[in-house]
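Residue numbers (my numbering), protein chains in the order written: chain A, 1 to 256; chain B, 1 to 258.
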């Protein structure tokens, strides 16, 4: 009986948490489209999420593209320029570009958002915003959500290009493929649906990373330990949700 | 309870967190232009009371009138109109880490009053000057200031918008007695210059005597005594006597684990 009760409690608290996050997301999105806006803060967050994440996303993409080319060449005994180029460009644009960029940004930016907003919560800075007639959702949450949705697709476009470049470098200098043929095969293998699905994923992932970072930061309590917990929760929950939504979006685009 | 027109009227205020009732049917009046200090031990509901009045917490039941207008259950945009009347000095100053000192002080002027940044900077420097902060520190980060300077910057931010009502949450906590006295004197001067109504919560009796015209004592979520500061030493209330004299024996029982 006690076992069943604990399952019941866990189920109720899980649904309560999903409800809280959904309400938080809806309120956050509502404030994204209702004035007043804070352009300075939006640009600041765009630089933080986009520009400062570029090195880590770029490095991840170039090595992933290179590894993809290496593994494809070893895995397919019949592999030529067209096969390797297709595997790299499909893999990077449809899956690895958006997913790895999302995970990198979740680790770098989601954690930082949770830590910053969590510290503001426990030091009463969020309460201070309210007493200064400033809605914390408009000032703290909305700029981060907007920046996350806007910047992840741009990062993913760059990650796609850098990832394909990684595969290109290995294919040309390691396998001795013809560069012109490889690039032509890459271009032929690039399909609009796959590329667009990657950008849709990126926008959703950007939203999820910003949502988890702000949600856990906003609800953190208990001092330094609470902020640390919020940071961990933000990264873990964003990563899991990102993989879940990757499956859902892939299914929506490509399931027959 | 009040000497003049009531600025803040609290009636039957109740607030609980789970099964823990923090405020129990609390009544309190603050007259216009009065400086009231609410004293009481840790965990008696002082902070919850002030947060309910400001709107940071929603009471379970009861009424809070500010200038005769009910504030409990107000939608956010109407609540913002009420909040514009408030200025607040937080216990830890709560300055925004990401902004320099002058932008902290000017925050309310820029965000809620729509003042241009250049004009707001001038106004912020004036407010800083009023609390004895030099303009040299205007561009510094709050983290570079001492505790006393952070409190002054927090006070400058609270008074910069010239609010009708000022709230002070434990203004002297964490400060040495001399700096505590300096902050108290600045609070008295600021409240007098603005002609504002002030509500302070503190457990520092020396501070309460310096700041307040009237004192109310809260215990177990209710106001157990309310009167002029001059009468507190002859309140004929055992709880007040025990608290202001810091006696461990009396009607107030503390849970002390041995």
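Every residue, glycine too, gets a C-beta built ideally from N, C-alpha and C. Model, not experiment: these values are computed from the prediction.
Three or more Cβ pairs closer than 8 angstroms define a contact, and the stretch 193 to 202 of chain B meets that threshold against the stretch 26 to 46 of chain B.
Residue 149 of chain B carries a helical assignment under DSSP once its states are collapsed to helix, strand and coil. Taking a Cβ-Cβ cut-off of 7 angstroms, the neighbours of residue 132 of chain A in chain B comprise 107, 108, 111 and 112, given in sequence order.
A distance below 6 angstroms between beta-carbons, with the five flanking residues on each side excluded, links residue 82 of chain A to the following residues of its chain, in chain order: 185.
Along the stretch 55 to 88 of chain B, going in chain order, the ones with a CB nearer than 8 angstroms to a CB of chain A are 55, 56, 76, 80, 83, 84, 86, 87 and 88. Judged by DSSP secondary structure, residue 188 of chain A falls within the alpha helix (DSSP H) whose first and last residues are 179 to 189. For the pair residue 131 of chain B and residue 109 of chain B, the CB atoms are not nearer than the 8 angstroms cut-off. In this structure residue 78 of chain B is exposed. Its beta-carbon is surrounded by fewer than 16 other beta-carbon atoms within 10 angstroms. A distance below 8 angstroms separates the beta carbons of residue 209 of chain A and residue 238 of chain A. At a cut-off of 8 angstroms, the C-beta of residue 96 of chain B has a neighbouring C-beta in chain A. With 16 or more other CB atoms across the displayed protein chains lying within 10 angstroms of its CB, residue 190 of chain B is buried. Counting only runs of 3+ residues, the beta strand (DSSP E) found wholly inside the stretch 25 to 112 of chain B occupies 35 to 39, 61 to 66 and 86 to 89, in chain order. Under the Cβ criterion of 8 angstroms, residue 127 of chain A is counted among the residues facing chain B. For residue 214 of chain B, the pairing in a beta bridge is given by DSSP as B/36 and B/228. Interface annotation, residue 12 of chain B: not in contact with chain A, CB-CB separation never under 8 angstroms. Distance from the CA atom of residue 6 of chain A to the CA atom of residue 13 of chain A, rounded to whole angstroms, is 11 angstroms.
Within chain A, the C-beta atoms nearer than 7 angstroms to that of residue 92 of chain B come from 123 and 124, in chain order.
Between the alpha carbons of residue 214 of chain A and residue 72 of chain A lies a distance of about 39 angstroms.
Burial check for residue 136 of chain A: the Cβ neighbour count within 10 Å reaches 16 or more, so the residue is buried. Of the other Cβ atoms in all chains shown, fewer than 16 fall within 10 Å of the Cβ of residue 11 of chain A; this residue is therefore exposed. Secondary structure note for residue 10 of chain B: its beta strand (DSSP E) is the uninterrupted segment 6 to 17.
Taken in chain order, the unbroken stretches of alpha helix (DSSP H) that lie wholly in the stretch 100 to 165 of chain A and span 4 residues or more are 111 to 122 and 125 to 131. Taking the Cα positions, residue 164 of chain A is about 30 angstroms away from residue 211 of chain A.
In the DSSP assignment, residue 238 of chain B falls within the unbroken alpha helix (DSSP H) covering 238 to 245.
For residue 2 of chain A, the three-state secondary structure derived from DSSP is helix. For residue 169 of chain B, there is no enclosing alpha helix (DSSP H); the enclosing beta strand (DSSP E) covers residues 165 to 169. For residue 172 of chain B, no beta strand (DSSP E) run applies, since DSSP gives it neither H nor E. With respect to residue 85 of chain B, residue 163 of chain B sits close: the two C-beta atoms are nearer than 8 angstroms.
In the DSSP assignment, the residues bridged to residue 223 of chain B are B/218. Around the beta carbon of residue 76 of chain A, fewer than 16 other beta carbons lie within 10 angstroms, which makes this residue exposed.
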